[in-house]
Amino acid sequence: MAKRKSIKVEDLIEDHTFLQWVKGENNPQAQEWEYRYHNFPSDRKVMDQAKILVEGIPFNRRFISDQKVERAWEDVTNALDAASKEQATKTFLKSDWKIAAAILFIVMAGTGLYAIFQNSEKVYQTAFGERLEVTLPDGSQVTMNTNSTLRYVRNNPRRVVMTGEIYFDIEKKPETGEPFIVQTPDLDIQVLGTEFNVNSRLKKTEVLLDEGSIELDIKEKERIRMAPGDFVSYSSLENRILEQQKAKKPEVITSWKDGVLLLDSVSVASALLLLEETYNIETHIENSEVAEKMLIGGVPNDNLETCVAALRTIYNLDIHIKNDTLMVR
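Each residue of the sequence shown is one higher than the last, beginning at 1 in the UniProt record's numbering.
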């Protein structure tokens, strides 16, 4: 897989290296599929569909009618859509594999395996330098920043666990009043319908509320109800609120969603720390005076090369990448 090609379900189920990955074998070919699964979201969807079929059972066409196949296949696609909003594409499947999926669904329903599927975890993950937009089963929209993880149990998608940085646009449930819960290593966030940014890195959790109302549930402390524009930073390691105030420039905090790095009187050293966090790259500044130079403005941050070129041009920095290290002179 030196050159990444588009993949289809019918090809995967006949690929012996993919089957090795599904079986959990630990060899170079399986490891390549593992890397592809975690780093390419578009491939992940196709691999999930193929994995469901591969983990099914042997079948015989004589044992099931065409009508039953079609009805069961509808149940399969409906279940997948309800669980993850990722519609299975019928045209990807050969007729025999459609039959396999139908039988698999019938067996799952009869043995309780479908309940196990519904109680399994759904996980989204971004690599360094990658952003991802996800629509959750309840209609809520999330935008994941680089090196972030979001997980939930399929039958309870309004309770999610996250690390990294994620922007949430939560769908209200006025008919039930069911809250949306975001869990981080430091605290829980209870939401009824709103937009907010959560950064759970560097041994602390930072929350910025854009719209609506949320409550922070911090262990052994009073709940904090936030209003639009509020910013709270809390560390469970230090067991204290590090910062609680109105955000002076909230657009600086959320600019990452639009692929922009906004710098509001930020030192070169601090800017490089942001790039370390985003791209998992080492940085080195040779001149202490340059390290303290203040930067104001914004640079594109869709990829490291573009960002470095912009920093070099806009701020007249002697900055370049050498041996996987970002150097500033």
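Glycine included, C-beta positions come from ideal geometry on N, C-alpha and C.
A straight line joining the alpha-carbon of H38 with that of L275 spans about 21 Å. Approximately 6 Å separates the beta-carbon atoms of E165 and S148; this is inside 8 Å, confirming the contact.
Under the DSSP assignment, I13 falls outside any beta strand (DSSP E); it carries neither an H nor an E label.
N303 sits in coil when the DSSP states are folded into three classes, being neither helix nor strand. N199 and P250 have their C-alpha atoms some 13 Å from each other. DSSP places S270 in the uninterrupted alpha helix (DSSP H) bounded by V268 to Y279.
The beta carbon of K51 sits closer than 7 Å to those of V22, all from its chain and outside the five residues before and after it, given in chain order.
Between G193 and E171, the C-beta spacing is below 8 Å. Its chain contains T17 and Q20 as the residues whose beta carbon lies nearer than 7 Å to that of Q29, once the 5 sequence neighbours on both sides are disregarded; these appear in chain order. DSSP places R36 in the uninterrupted alpha helix (DSSP H) bounded by P28 to N39. In the displayed model, D324 falls within coil according to three-state DSSP, outside both helix and strand.
Residue pairing of Q190 in beta bridges, as defined by DSSP: I181 and E215. K322 and E282 have their C-alpha atoms roughly 10 Å apart.
Considering only V142, T176 and G177, the residue with the shortest C-alpha distance to V160 is V142. The continuous beta strand (DSSP E) containing I285 extends over residues E282 to I285. Beta-carbon to beta-carbon, D186 and T205 are separated by about 4 Å, close enough to satisfy the 8 Å threshold. For S288, the enclosing alpha helix (DSSP H) stretches over residues S288 to A291. In this structure, T126 is the residue among T313, T126, S265 and Y315 with its C-alpha nearest to the C-alpha of E277. When beta bridges are read from the DSSP output, S235 appears opposite R240. Beta-bridge annotation (DSSP): E121 is paired with V153. Short of 8 Å from the beta carbon of N27, and not among the five residues preceding or following it, lie these beta carbons of its own chain, in chain order: Q20. Per DSSP, the continuous alpha helix (DSSP H) segment holding T254 begins and ends at P250 to T254. Sequence-distant Cβ neighbours of M226 in its own chain, meaning closer than 6 Å and more than five residues away, are L209 and I214. Distances from the alpha-carbon of F196 to those of T163, I253 and Y152 put I253 closest. According to the DSSP assignment, F196 belongs to the beta strand (DSSP E) that extends over E195 to R201.
Leaving aside the five residues that flank V134 on each side, the residues in its chain whose CB is nearer than 6 Å to its CB run, in chain order, Y124 and V142. I296 is classed as exposed because its beta carbon has fewer than 16 other beta carbons within 10 Å across all chains shown. At the C-beta level, A310 and V299 come within 8 Å of one another. When beta bridges are read from the DSSP output, F168 appears opposite V142 and F196.
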